[in-house]
Amino acid sequence: MRLTVDRIACDGAGLCLRTLPELLAADEWGYPIVHREEVPDALRRHAKNAAHLCPRIALHLKD
Amino acid sequence: MRLMQAAAGTSYAAHTERNGGIRPLTLAEVEASGLRGRGGGWFPTARKMASVRGCSTVIVNGMEGEPLSEKDGWLLTHAPHLVADGAIAAAELLGAREIVLAVARDGLAGVLGPRGVRVVRGPDRYLSGQESALAGWVRGGRPVPAARRPADRGIFVSNAETFAHLGLIARHGADWFRSAGTAAAPGTLLLTISGAVARPGVVEVPVGSPLAPLIAGSSGAVLTGGYGGAWIGAQGARSLWLEPEAMRERGAVLGPGIVSVLPATVSGLSDTRRIVRWMAAQGAGQCGPCRFGLPAVAADLDALDLDPGALPRLRARAELLRGRGGCAHPDGVERLVSSALDVFAHELRAAA
Chain A
111 MRLTVDRIAC
121 DGAGLCLRTL
131 PELLAADEWG
141 YPIVHREEVP
151 DALRRHAKNA
161 AHLCPRIALH
171 LKD
Chain B
15 MRLMQAAAGT
25 SYAAHTERNG
35 GIRPLTLAEV
45 EASGLRGRGG
55 GWFPTARKMA
65 SVRGCSTVIV
75 NGMEGEPLSE
85 KDGWLLTHAP
95 HLVADGAIAA
105 AELLGAREIV
115 LAVARDGLAG
125 VLGPRGVRVV
135 RGPDRYLSGQ
145 ESALAGWVRG
155 GRPVPAARRP
165 ADRGIFVSNA
175 ETFAHLGLIA
185 RHGADWFRSA
195 GTAAAPGTLL
205 LTISGAVARP
215 GVVEVPVGSP
225 LAPLIAGSSG
235 AVLTGGYGGA
245 WIGAQGARSL
255 WLEPEAMRER
265 GAVLGPGIVS
275 VLPATVSGLS
285 DTRRIVRWMA
295 AQGAGQCGPC
305 RFGLPAVAAD
315 LDALDLDPGA
325 LPRLRARAEL
335 LRGRGGCAHP
345 DGVERLVSSA
355 LDVFAHELRA
365 AA
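Chains A and B are the protein sequences, given in the same order.
Residue 118 in this note's numbering sits at position 8 of the first sequence, with consecutive numbering throughout.
Residue 111 in this note's numbering sits at position 97 of the second sequence, with consecutive numbering throughout.
Right under this line is the structure:
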């Protein structure tokens, strides 16, 4: 599973950063820095959760 | 050279008299020609054509928002019918119903309208020429970059020069096209030369030509690829070959064919500061890197002489522009800034 961020849709709400700190970090303005696009199996549920929580539907997961 | 030789002005009669008519193009022929887009990305044109789903519209990008580029303006002034030929052949190949030429100035509607090309005047901003922005605008939206690719909405967009080459391929064929340029990047290209040079202006050369003779007599550092391009030191620039991959290997950018020589009296860092400030103001402001990153990087550049913390902060912030924007605009600024810190390192030491 791969994770991508729609940078135009993202407005830095930051919910994904709380849900998936293993793969994402905030820049100084709260926008996500993707450390790793590949989602390890152990984090699949959390990644899906992060995508659902995003108020801008900006976090995309592809198998 | 090819495009310049084919240029017969705005009269269609003069154009056909000099160049004859076009044959229909096939995707196989475009592929065999090896033509790559001349708007800056050098993406294979046949592959881009093949990626368009249910093509309805061909857009000729003549916006030329890049301040250092003059070649599209040159082409549309001197060879508008050759550009139209390529667009008409591409539209037939793709089954598109509509051909739109987007330009930043008026004046061509009377010339190309009769040939079925709708000429529209796009918003005169740097990012209006970004292809997803242009596609959105032609469809009635705002002229800002979008996540959705034009190909996914049935639109084939390419640079005016790409279409001019297609207009020649539709006459002379793929083998002829490959007889100039390199195997990986066949054909000729239009290059806009500016700055502290003896002969500024637009020239046409085969891809892979050496840069040095074109800027002979000059001695300054060279900005390659435009405002979103990269600086190359004076010596290195004079051994560059004008080929996209060869230039990238040396940290330079061919982009839409731009070369600008820094005058000896101008500080490279000051020039970069001015460009970055302008680029920050030109952003669409849709993504974080554009809204916050670019202004912050511009401010750090301004503070280099005064604040010892500015340089490490600038490096860290520039690094975070890369690959994180809604389009390639922040990436271009990162490249420009990083190359400036490298090429003009001596100015940094002088300031410290």
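Using N, Cα and C, we set each Cβ at its ideal position, and we do this for glycine too.
Comparing C-alpha positions only, which one of the options sits nearest to residue i?
i, options, result
"residue 286(B)", "311(B), 266(B) and 305(B)", "311(B)"
"residue 398(B)", "87(B), 75(B) and 191(B)", "No statement about residue 398(B) is possible, as the shown extent of chain B runs from 15 to 366 and does not include it."
"residue 200(B)", "207(B), 209(B), 210(B) and 188(B)", "188(B)"
"residue 27(B)", "111(B), 182(B), 126(B) and 68(B)", "126(B)"
"residue 280(B)", "99(B), 356(B), 234(B) and 48(B)", "234(B)"
"residue 331(B)", "118(A), 153(A) and 136(A)", "136(A)"
"residue 228(B)", "247(B), 160(B), 251(B) and 67(B)", "251(B)"
"residue 125(A)", "113(A), 151(A) and 134(A)", "134(A)"
"residue 193(B)", "337(B), 103(B) and 222(B)", "222(B)"
"residue 57(B)", "159(B), 153(B) and 170(B)", "170(B)"
"residue 93(B)", "17(B), 336(B) and 60(B)", "17(B)"
"residue 344(B)", "321(B), 326(B) and 305(B)", "305(B)"
"residue 267(B)", "231(B), 240(B) and 191(B)", "240(B)"
"residue 73(B)", "237(B), 307(B), 116(B) and 346(B)", "116(B)"
"residue 236(B)", "340(B), 361(B), 225(B) and 248(B)", "248(B)"
"residue 219(B)", "202(B), 209(B), 232(B) and 231(B)", "202(B)"
"residue 160(A)", "127(A), 117(A) and 146(A)", "127(A)"
"residue 154(A)", "139(A), 168(A), 132(A) and 117(A)", "132(A)"
"residue 231(B)", "242(B), 214(B) and 238(B)", "214(B)"
"residue 246(B)", "270(B), 257(B) and 274(B)", "274(B)"
"residue 55(B)", "175(B), 333(B) and 282(B)", "175(B)"
"residue 265(B)", "152(B), 238(B), 277(B) and 289(B)", "238(B)"
"residue 3(B)", "283(B), 172(B), 95(B) and 86(B)", "Summary: the structure shown does not reach residue 3(B), with chain B confined to residues 15 through 366, and so no result is reported for it."
Let me know if residue i comes out buried or exposed under the rule of 16 or more other beta-carbons within 10 Å of its beta-carbon.
i, result
"residue 129(A)", "buried"
"residue 147(B)", "buried"
"residue 319(B)", "exposed"
"residue 295(B)", "exposed"
"residue 197(B)", "exposed"
"residue 292(B)", "exposed"
"residue 29(B)", "buried"
"residue 36(B)", "buried"
"residue 259(B)", "exposed"
"residue 152(A)", "exposed"
"residue 253(B)", "exposed"
"residue 22(B)", "buried"
"residue 124(B)", "exposed"
"residue 145(A)", "exposed"
"residue 179(B)", "buried"
Between residue i and residue j, which are expected to be in contact by the criterion C-beta below 8 angstroms, what is the C-beta distance as a whole number of angstroms?
i, j, result
"residue 141(B)", "residue 272(B)", "With 8 angstroms as the limit, residue 141(B) and residue 272(B) do not qualify as a contact, their Cβ atoms being about 17 angstroms apart."
"residue 63(B)", "residue 41(B)", "6 angstroms"
"residue 163(A)", "residue 113(A)", "With 8 angstroms as the limit, residue 163(A) and residue 113(A) do not qualify as a contact, their Cβ atoms being about 14 angstroms apart."
"residue 66(B)", "residue 165(B)", "4 angstroms"
"residue 98(B)", "residue 44(B)", "Contact flag wrong, Cβ pair sits at about 17 angstroms."
"residue 79(B)", "residue 139(B)", "6 angstroms"
Give the DSSP-derived three-state secondary structure of residue i in the structure shown.
i, result
"residue 170(A)", "strand"
"residue 177(B)", "helix"
"residue 292(B)", "helix"
"residue 88(B)", "helix"
"residue 344(B)", "helix"
"residue 334(B)", "coil"
"residue 279(B)", "coil"
"residue 112(B)", "strand"
"residue 142(B)", "helix"
"residue 172(B)", "strand"
"residue 139(A)", "coil"
"residue 68(B)", "coil"
"residue 123(B)", "helix"
"residue 190(B)", "helix"
"residue 227(B)", "helix"
"residue 309(B)", "helix"
Does any residue of chain A bring its CB to less than 8 angstroms from the CB of residue i?
i, result
"residue 144(B)", "no"
"residue 300(B)", "yes"
"residue 108(B)", "no"
"residue 338(B)", "yes"
"residue 362(B)", "no"
"residue 159(B)", "yes"
"residue 334(B)", "yes"
"residue 370(B)", "This structure does not reach residue 370(B), given that chain B is present from 15 up to 366, and the question cannot be answered."
"residue 306(B)", "yes"
Please tell me whether residue i has its Cβ less than 8 angstroms away from any Cβ of chain B.
i, result
"residue 118(A)", "yes"
"residue 124(A)", "no"
"residue 173(A)", "no"
"residue 137(A)", "yes"
"residue 71(A)", "Residue 71(A) is absent from the structure shown; chain A starts at 111 and stops at 173."
May I ask you to check if the CB of residue i is nearer than 7 angstroms to at least one heavy atom of the ligand HEM?
i, result
"residue 159(A)", "This structure does not include the ligand HEM; it has no bound ligands of any sort."
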